[in-house]
Amino acid sequence: MNVRSSGTQPVRLEQDVVLARQTTRKVAGECKMRLIDLTKLVTAVSELARNTVVYGGGGDMDWQVLEDGGRVGLRLIFSDNGPGIPDIRLAMTDGWTSGSGLGLGLSGAKRLVEEFELETAPGQGTRITITRWT
Ligand SMILES: Nc1ncnc2c1ncn2[C@@H]1O[C@H](COP(=O)(O)OP(=O)(O)O)[C@@H](O)[C@H]1O
Ligand SMILES: [Mg+2]
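If you count the sequence shown from 1, position 71 lands on 878 in our numbering, and the numbers rise without skipping.
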């Protein structure tokens, strides 16, 4: 697997969620992604970027355009140095929120992409990696 190009979009403030969506659309242009797949990916980005701001205290969205054999993919990595997620199973449950959300962000994002990886450590932060192949 090759990384064709990469970059970082800071996700610190509420308005950065919009920039994360825009960056995703721009980078996806390199991948010839179908509109339906791009729409799913951007929806996942909204949820994960918002979590990064609201729960993670801000962080980054690193992006990578991947090449693996014939296929091209877009990988997005949301990382923060916030409190971490104490109970991943609970956090991934539809409808569960520790705040005042709908509790559908993590579980929804997972369903919208082909690869979803969540790494977290209490007191150290959270890293969520999603990948959508074209
Ligand atoms: N980056 C993060 N850092 C710490 N906790 C998080 C993070 N992302 C999600 N969580 C936790 O997972 C829960 C579920 O997230 P989500 O499904 O997006 O629902 P909601 O945003 O509506 O609360 C959140 O309420 C929060 O407790
Ligand atoms: Mg959320």
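Cβ atoms here follow ideal geometry from the backbone N, Cα and C, with glycine treated the same way. Being a predicted model, the structure only gives us computed values, none of them experimental.
- Annotation: the continuous beta strand (DSSP E) that includes E922 extends over E922 to A928.
- In the DSSP assignment, W870 is bridged to G814 and L883.
- Within the same chain, V824 come within 6 angstroms of R857 by CB-CB distance, once the 5 residues on both sides are set aside.
- For Q816, the number of other beta carbons within 10 angstroms of its own is at least 16, and it is reported as buried.
- Assignment of N888 by DSSP, reduced to helix, strand and coil, places it in the coil class.
- For D875, the beta-bridge partners assigned by DSSP are R878.
- According to the DSSP secondary-structure assignment, W903 is paired through a beta bridge with no residue.
- With a contact defined as Cβ atoms closer than 8 angstroms, V920 and A851 qualify at about 6 angstroms.
- In this structure, DSSP gives R841 a state outside helix and strand, which the three-state scheme calls coil.
- Taking 8 angstroms as the cut-off, the Cβ atoms of A916 and E821 do not count as close.
- Contact check for G902 against Y862 fails: the beta carbons are separated by 8 angstroms or more.
- DSSP places G932 inside the beta strand (DSSP E), whose first and last residues are G932 to W940.
- Judged by their CB atoms, R811 and V872 are nearer to each other than the 8 angstroms cut-off.
- The set of residues with CB atoms less than 6 angstroms from any heavy atom of ligand 2 reads, in chain order, E854, R857, N858, G908 and G912.
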